[in-house]
Amino acid sequence: MNPASSNPPDLFGIAAVERDTGLSKDTLRVWERRYGFPVPLRDANDERVYPTSQVEKLRLLRRLMDGGHRPGKIVAKSVAELSALAAEQGSNQAEAKAVDSALDEELAHLVELLRTHQADALRETLTGQLMRMGIEQFVIRVAAPMSTLTGEAWARGDLQIHEEHLFTEQLTHLLRSAINNIARRHAAAPTGPVRPRVLLTTFPQEPHSLGLLMAETLMALGGCDCMSLGVQTPVSDIVTAATAHQVDIVALSFSPVMNSAQVVDGLLTLRSHLDPAIEIWAGGSCPALSRRALSKVRTLRQLGAIEAAVLEWRARHAIQR
1 MNPASSNPPD
11 LFGIAAVERD
21 TGLSKDTLRV
31 WERRYGFPVP
41 LRDANDERVY
51 PTSQVEKLRL
61 LRRLMDGGHR
71 PGKIVAKSVA
81 ELSALAAEQG
91 SNQAEAKAVD
101 SALDEELAHL
111 VELLRTHQAD
121 ALRETLTGQL
131 MRMGIEQFVI
141 RVAAPMSTLT
151 GEAWARGDLQ
161 IHEEHLFTEQ
171 LTHLLRSAIN
181 NIARRHAAAP
191 TGPVRPRVLL
201 TTFPQEPHSL
211 GLLMAETLMA
221 LGGCDCMSLG
231 VQTPVSDIVT
241 AATAHQVDIV
251 ALSFSPVMNS
261 AQVVDGLLTL
271 RSHLDPAIEI
281 WAGGSCPALS
291 RRALSKVRTL
301 RQLGAIEAAV
311 LEWRARHAIQ
321 R
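Okay, structure coming up:
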């Protein structure tokens, strides 16, 4: 750690760096210990402060992580190297637009298979996409947008409720099979990095299960030991189950149908009754999650953020242990 600084205007406190870069205080401290960057100074109160040059590098790192880079591979790189990677990433994203256009056509085809009641073709197409893309990309690029598309099509009257249910059942079967295969692989290799125990569920007002299932799939893929209670679990039962099963994380899914006040009140109540050592992760497309930051509740607004969150949890707890 560098010697104390008088905290001139070009130095930023850790809270300001968190707001500016989107990297949590925990992440900054873990990187400091694990990777040797950032290298904060100390102000007159012995608090961490960061020079502008380090904050700029942290911004670059966050952009690259949003594009799929892992911190362990890029934190040690120079700003010039990171800038080159960012430029390359921008070029790759432009190229990906053409791929996304083709994928949009595939999604439209899936909706048409639903609308025309071609259940076998739907199942075969979904299975083929999973095998071609791999589990993570299938969940993010097919399962999640298809869930949104089918919901919107039903709301417009383009799909009947039984057709939406057919998609839900087909996808549920596919993802459950994937989770079981992942669990068998983990059982065959019991040694390895520490695995967080995760309890997954929704509040009583949330009946939608696909978001929860997709999160479970990605958490299992990331090495979590997952236990799902399904949907609509009372807060008191969530607390009891979390304690009984000695979990590290309670993960909750919220769809747009959830009332914002119920989301906030439920999370605050859960946090107040849950062991402080148990983390709460809240994800989904409910607007309440982006409107207000809740103390000691981690918000994951995109499924793609799960991998980084698990890696960060593992890094913190590996150090603690």
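The opening position of the sequence shown corresponds to residue 1 in the numbering used here, with each subsequent residue numbered one higher.
Here a beta-carbon is modelled for each residue, glycine too, at the ideal position from N, C-alpha and C.
Model, not experiment: these values are computed from the prediction.
Could you pull the DSSP bridge partners for S228 from this structure? L200
Identify which residue in R314, G304, H317 has its Cα closest to the Cα of V142. G304
Check whether the Cβ atoms of I179 and A220 lie closer than 9 Å to each other. yes
Report, in whole angstroms, the separation of the C-beta atoms of P40 and R48, which I expect to be a contact under 8 Å. That belief holds up - the Cβ atoms of P40 and R48 are roughly 4 Å apart, short of 8 Å.
C-alpha gap between L122 and Q246, whole angstroms: 39 Å
Hey, out of L114, Q137, P193, whose CA is closest to I161's CA? L114
Alpha carbon to alpha carbon, what distance is there between M65 and V239? 33 Å
According to DSSP, is D20 part of a helix, a strand, or is it coil? helix
Using a threshold of 9 Å, state whether the C-beta atoms of L174 and L218 are closer than that. The answer is no: Cβ separation not under 9 Å.
Rounded to whole angstroms, how far is the Cβ of S255 from the Cβ of S285, which I believe are closer than 8 Å? 6 Å
Using the Cα positions of F203 and V111, report the straight-line distance between them to the nearest angstrom. So the alpha carbons of these two residues sit roughly 29 Å apart.
What does the Cβ neighbour count give for T21, buried or exposed, with the cut at 16 atoms within 10 Å? With 16 or more Cβ atoms within 10 Å of its Cβ, T21 is classed as buried.
Roughly how many whole angstroms lie between the Cα atoms of G28 and Q118? Looking at the sequence shown, residue 28 is not Gly but Leu. One alpha carbon belongs to L28, the other to Q118, and they sit about 50 Å apart.
Give me the Cα-Cα distance between G134 and L274, rounded to the nearest whole angstrom. Distance between the alpha carbons of G134 and L274 is about 35 Å.
According to the neighbour-count rule (16 or more other Cβ atoms, all chains shown, within 10 Å of its Cβ), is G72 buried or exposed? exposed
Relative to the C-alpha of P196, which candidate in A144, D265, A277, R314 has its C-alpha closest? R314
By how many angstroms is the C-alpha of L252 removed from the C-alpha of F167? Straight-line measurement puts the Cα of L252 at about 22 Å from the Cα of F167.
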